[in-house]
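Novice: Residue numbers (this note's numbering): 14 to 264. We put the beta carbon where it would ideally sit given N, CA and C, even for glycine. Computed from a predicted structure; not experimentally measured. Structure in structure tokens, see below.
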């Protein structure tokens with residue numbers, strides 16, 4: 014059997030910046046790539062942090078590889094990034110955009126993150142709900158990325174497989190009921206207007222998490238906030254939170 018290796022789309026690859034002993038893993042969302050968190054990653058690097066943004070399997074290559082990918086291999090891509098940071102850093106904070114926020118919660122539940130930051134965490138995706146029981150694997154047209162700022166280009170597939178959508182919905186079904194068991198410091202960030210994931214989901218997450226927590230609202234960004242008007246503020250909030258986590262006395 015021949016194994017097909019799909020090349021990574023230019024600009025969609027993982028990136029790593031060496032810094033201090035506070036490691037920040039930046040996880041992109043469903044159908045996204047590390048390109049979507051690059052500006053925030055650079056800003057955090059400039060603040061002195063060690064930053065790694067893995068490319069989740071099936072993303073940033075070819076829709077056919079996306080069709081073959083699963084929530085398990087997406088999480089394994091994140092795990093490999095956490096291990097890389099653990100080898101170099103005293104603290105590892107996982108920051109996730111959209112589905113990346115859901116994966117960050119999973120990492121916290123597994124005891125693999127010292128703290129997490131969720132940005133418009135995908136705890137429901139109403140636009141995909143109709144595919145939950147769709148057993149036919151097919152490709153559907155993807156909407157334009159939900160970004161308020163004009164002229165921003167995000168690397169995404171124009172078509173996504175319904176099999177991958179079902180994997181995303183299954184990940185949400187797995188993680189959302191466990192939210193109250195997240196006990197690591199948690200920063201919940203969400204946009205005031207989000208046309209993909211209801212902001213109420215993040216409000217619910219903030220109320221449900223049983224951990225030291227804070228919530229921030231972005232007034233000038235839509236769903237892909239890491240590429241939107243508030244990206245500089247995002248980096249400031251994430252940086253301050255990570256410093257706080259790293260300097261907090263051990264219990």
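Of all the alpha helix (DSSP H) runs that stay within the bounds of the stretch 81 to 152, which reach a length of 4 or more residues?
Specialist: 84 to 99 and 112 to 122
Novice: Give me the residue from 47, 36, 49 and 70 with the minimum Cα distance to residue 60.
Specialist: 36
Novice: On the criterion of 16 or more Cβ atoms from any shown chain inside 10 Å, does residue 124 qualify as buried, or is it exposed?
Specialist: exposed
Novice: Quick check: the Cα distance between residue 81 and residue 262, rounded to an integer number of angstroms?
Specialist: 44 Å
Novice: Work out the CA separation of residue 233 and residue 246 for me, nearest whole Å.
Specialist: Inter-residue distance for residue 246 and residue 233 is about 10 Å (C-alpha atoms, whole angstroms).
Novice: Might you give, ordered along the chain, the residues of its own chain that have their beta carbon closer than 8 Å to the beta carbon of residue 74, omitting 5 neighbours on each side?
Specialist: 19, 20, 21, 22 and 25
Novice: Give me the residue from 176, 111, 258 and 53 with the minimum Cα distance to residue 265.
Specialist: An answer regarding residue 265 cannot be provided, because it is not within the stretch 14 to 264 covered by the chain.
Novice: What's the C-alpha gap between residue 41 and residue 167?
Specialist: 11 Å
Novice: Note down, in chain order, each residue of its chain lying with its Cβ closer than 7 Å to the Cβ of residue 204, except the 5 sequence neighbours on either side.
Specialist: 133, 212, 231, 234, 235, 236 and 238
Novice: Pairs of beta-carbons, one from the stretch 185 to 192 and one from the stretch 109 to 124, closer than 8 Å: are there three or more?
Specialist: Verdict: yes, contact present.
Novice: Taking the continuous alpha helix (DSSP H) assigned at residue 244, which residues delimit it?
Specialist: 244 to 260
Novice: Curious, which full-length beta strand (DSSP E) runs of at least 3 residues does the stretch 178 to 227 contain?
Specialist: 199 to 204
Novice: Which whole-angstrom value describes the C-beta separation of residue 216 and residue 122, a residue pair presumed to lie in contact below a C-beta threshold of 8 Å?
Specialist: Between residue 122 and residue 216 the Cβ distance is about 20 Å, and since that is not below 8 Å, they are no contact.
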